[in-house]
């Protein structure tokens, strides 16, 4: 049986040293995928009557949606050394938990940074002179790379995740499930941080954009053949 590439979602978890990647390799590649482009709002000009109808405020929005299937029987039947015993104990719960972490902000899972801000605010309530207000840190979603072969590596934000559990073992642990996933592609203007994770994500965005332009130029040969076929020669 010929080997084939599998898609993956790579989450970079911040650590004090080097960002630790959490690689979620697709057990089965989705059979279909929806790739959606959305035009941004039109750019406003001083004279709306004579304005450029093709002027826009930025690049188009890009999104993907697909369904992943996870099953605990194949690793057990194939006698996989690691995933086999793990599937016996936990079914597909570990893989579902890894997917769920993609939609949870880092501060809401750790709680330490937000808890410290709230505690500092409560400590100043009994003082006569009010302390200057402290900014509550915003929750930050993890940076995720959507890897679909060497030709598509894009930074994304997981916008939707719907899990349908189909089968359970005697302990009611799911053994078969489907996950409907929606991804919003991040562009250069979204990746403005200076940390290593953001730089990696920005490099992936630049790589995929450059590859798209190369493929579009390569299509000129097909276009030339099509034009010749249209002429009454």
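Numbering (the working numbering), first residue to last: 1305 to 1537.
Idealized CB from N, CA, C, for every residue including glycine.
Residue i (DSSP reduced to helix, strand or coil)
| i | result |
| --- | --- |
| residue 1526 | helix |
| residue 1375 | strand |
| residue 1361 | coil |
| residue 1404 | helix |
| residue 1428 | Caution is warranted here: a pLDDT of 48 is assigned to residue 1428, below 50, making its placement in the model unreliable, and the coordinate value is therefore given only provisionally. Of the three classes helix, strand and coil, the one that applies to residue 1428 here is coil, per DSSP. |
| residue 1342 | strand |
| residue 1347 | coil |
| residue 1490 | coil |
| residue 1496 | coil |
| residue 1336 | coil |
| residue 1519 | helix |
| residue 1511 | helix |
| residue 1393 | helix |
| residue 1444 | coil |
| residue 1461 | strand |
Contact under 9 Å by Cβ, residue i with residue j
| i | j | result |
| --- | --- | --- |
| residue 1465 | residue 1488 | no |
| residue 1454 | residue 1490 | no |
| residue 1400 | residue 1467 | yes |
| residue 1311 | residue 1452 | yes |
| residue 1340 | residue 1368 | yes |
| residue 1478 | residue 1397 | yes |
Buried or exposed (CB count within 10 angstroms, at least 16 for buried), residue i
| i | result |
| --- | --- |
| residue 1408 | exposed |
| residue 1348 | exposed |
| residue 1395 | buried |
| residue 1514 | exposed |
| residue 1376 | buried |
| residue 1507 | exposed |
| residue 1476 | exposed |
Anticipated Cβ contact below 8 Å, residue i with residue j, distance rounded
| i | j | result |
| --- | --- | --- |
| residue 1372 | residue 1316 | Rounded, the Cβ-Cβ distance is 20 Å, inconsistent with contact. |
| residue 1462 | residue 1314 | Not quite, the Cβ-Cβ distance comes to about 12 Å (not below 8 Å), so this is no contact. |
| residue 1342 | residue 1365 | 4 Å |
| residue 1327 | residue 1346 | So it is not a contact: roughly 40 Å between Cβ atoms. |
Euclidean distance between Cα positions of residue i and residue j
| i | j | result |
| --- | --- | --- |
| residue 1480 | residue 1445 | 27 Å |
| residue 1498 | residue 1505 | 11 Å |
| residue 1344 | residue 1472 | 44 Å |
| residue 1500 | residue 1474 | 44 Å |
| residue 1510 | residue 1374 | 31 Å |
| residue 1523 | residue 1457 | 21 Å |
| residue 1526 | residue 1392 | 52 Å |
| residue 1482 | residue 1308 | 21 Å |
| residue 1469 | residue 1378 | 17 Å |
| residue 1356 | residue 1519 | 29 Å |
Distance cut-off 8 Å: residue i Cβ against heavy atoms of the ligand ADP
| i | result |
| --- | --- |
| residue 1397 | The ligand ADP is absent from the structure shown, which contains no ligands of any kind. |
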